[in-house]
Amino acid sequence: MSYIIKGILNQQLPWALVLLGVFIAIVLEMQGFHRSPSHWRLPAAITSAPIFVGGMVRLGVDKYLRRKFADRKLSEEQLVAETDKSAGVLLASGYIAGGALAGVVHAFLNLSESIGTRLSGFEKWSTANNGFFEGAHADLLALIPLAVLTVLLYLVGREKF
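The sequence shown begins at 475 in the numbering used here and counts up one residue at a time.
This is the structure:
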């Protein structure tokens, strides 16, 4: 992520890699990836939506920080350095690292058949007892933590929390 951010800020993004990602997305779309079972589509949705939301939060926080530092007459490079030191950037990095670590832990848990069986039991219980777990309103449950994490990120970035 740091490589991408630095590439964008320094205007030295490796366009060959960006285009590779674009072509992979096009191939997946042509092969009907969007019509595949939901557990295949989930990784794309997990990575796309929060990145967009995080980018919008960063835009709002950067506008605030530019106004905050306007009286200091900083150069563009100094201003970028100041905004990169924001606590919100650190928190967002933690969100990314935490998501990656959770994925690794989940993968290891599924290696054991007994743990996999126990996790399947939790899933069956959730399906039976939680109306938001499956069905028409299942996505609403995921929006609650996304909204909480987004507001927290904004408040930390604005130094309010």
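A virtual CB, placed ideally from N, CA and C, is assigned to each residue, including glycine.
Check                                                                                                          : Outcome
DSSP-derived helix/strand/coil call for Ser586                                                                 : coil
Distance cut-off 6 Å: Val578 Cβ against heavy atoms of the ligand GDP                                          : Ligands are entirely absent from the displayed structure, and the ligand GDP is therefore not among its contents.
Local conformation of Arg540 per DSSP, three classes                                                           : helix
7 Å Cβ cutoff met for Leu565 and Leu493                                                                        : no
Separation of Phe607 from Thr591, as counted between CA atoms                                                  : 18 Å
Sequence-distant residues of the same chain with beta carbon closer than 8 Å to Tyr569, five excluded per side : Pro524, Gly528, Leu623 and Leu627
Element boundaries [alpha helix (DSSP H), containing Ala555]                                                   : Glu550 to Asp558
Arg540 burial status per 10 Å Cβ neighbour count (16 or more: buried)                                          : exposed
Alpha-carbon to alpha-carbon, Asn584 and Ser549                                                                : 51 Å
Straight-line Cα distance separating Ser594 from Leu579                                                        : Leu is not the amino acid found at residue 579; the sequence shown has Val there. Their Cα atoms are separated by approximately 16 Å.
Cβ neighbours of Phe497 in the same chain (closer than 8 Å, five flanking residues each side left out)         : none
Cα-Cα separation between Lys542 and His611, rounded to whole angstroms                                         : 41 Å
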